[in-house]
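Undergrad:
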Amino acid sequence: MSFKKQIITDKLPQHIAIIMDGNGRWAAKQGKDRVFGHQYGVGAVRNAAEAAAELGVKYLTLYAFSTENWNRPQIEVDALMHLFVETIEQEFETLKKNNIRLHAIGDLASLPAENYTKLMDTIKKTSEFDRMTLTLAMSYSSRWEIVDAVKKIVNEQGRQNNKIEITEKYFSQKLSTVGMPDPELLIRTSGESRLSNFLLWQLAYSELYFTQKLWPEFEKEDLYEAIVDYQKRERRFGLTSQQIKRKKKE
Ligand code: FPP
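Going by my numbering, the letters in the sequence shown line up with residues 204 to 453, in that order.
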């Protein structure tokens, strides 16, 4: 039976996050340069976004470019920035057709001006679409985000006479993912099993799914397979299995 048919629709994760990895290795296997892999990766982005939206997933967050990726060879950074601008513009019709709102997180001010302007333009043009929110993490790293949240808090507290109590909820609201539920499922392609500075706070209780597939090979059926795997797991949030079973009966 196909993985799609095995998905239990009322147990879908609301939010899926993906570390898209393996573009360079995929390109090397074809005897091509790394940029070819990134270009091919655009098709996998389209597949994942369409598949998630069609199923009814509400949030899909993709790690497109990390703070550390700025240290790659300049020629690759430039090619990636060019690809992002081009894709964001060209894929507007895909977003419209699928009723997907585009959003972005990260140190967006550090993006080249053209990227920033076109990104903001598409974000604005898709702001009324409400089937799914597609978030691109661009010039993003979790440590950057956490330090940024602390700066916001210090600033805010400095302006208050009565200090606000710092709780987990308050802190979450200072992160760039404010308003989004935490991802229930994180997928990473290419066989690497690490988080690479991605959503460290938000992934505290997420189910982690690692696949050998390289990102350009990632198809709709691969997303369905990850969801089926997720649905077989017991999410305990620090409780015992017995407690979870009792809770389900109540
Ligand atoms: C990681 O693979 C991938 C990236 C750093 C870039 C991701 C970009 C895309 C998928 C292109 C299109 C994306 C959007 C959102 C328009 P890698 O280069 O680290 O691969 P490697 O580990 O095999 O070298």
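C-beta: ideal position from N, C-alpha, C; glycine also.
1. Tell me, to the nearest whole angstrom, how far the beta carbon of L258 is from that of I210; I am working on the premise that it is less than 8 Å.
2. Counting only runs that start and end within the region 268-340, where is the alpha helix (DSSP H) found for 4 or more residues in a row?
3. Quick one: residues in its chain with C-beta nearer than 6 Å to the C-beta of S396, no 5 flanking neighbours on either side, listed in chain order?
4. Can you tell me the Cβ-Cβ gap for V260 and P216, rounded? I've got them flagged as a contact below 8 Å.
5. Look up F413 in the DSSP assignment and give the residues it is bridged to.
6. Checking 7 Å against the spacing of the C-beta atoms, do F332 and N302 come in under that value?
7. So, does the region 437-448 touch the region 238-256, judging by three or more C-beta pairs under 8 Å?
8. Using only alpha-carbon positions, find the residue among A252, S399 and Y427 that is nearest to S342.
9. Can the beta-carbon of I326 be found less than 7 Å from the beta-carbon of L305?
10. Expressed to the nearest angstrom, what Euclidean distance is found between the alpha-carbon atoms of K366 and K355?
11. I think Y427 touches K207, with their Cβ atoms under 8 Å apart; what is that distance to the nearest whole Å?
12. Where DSSP assigns a beta bridge to L378, which residues make up the other side?
13. Can you grab the Cα-Cα spacing for the pair T380 / Q360, in whole Å?
14. Can you tell me whether DSSP reads L426 as helix, strand or coil?
15. Report the residue from Q363, A247, I349 and L283 whose alpha carbon sits nearest the alpha carbon of N318.
16. With a threshold of 6 Å (Cβ to nearest heavy atom), would L339 be considered close to ligand 1?
17. Whose CA, out of Q446, I430 and K423, lies closest to the CA of E387?
18. Which complete alpha helix (DSSP H) runs does the region 210-271 hold, if anything under 4 residues is left out?
19. Provide the residue span of the alpha helix (DSSP H) that contains W347, from first to last.
TA: Taking the definition as stated:
1. 7 Å
2. 277-293, 295-300 and 316-328
3. F413
4. 6 Å
5. R391
6. yes
7. no
8. S399
9. yes
10. 14 Å
11. 5 Å
12. Paired residues: none, contrary to the question.
13. 21 Å
14. helix
15. L283
16. yes
17. I430
18. 226-232 and 237-258
19. S345 to R362
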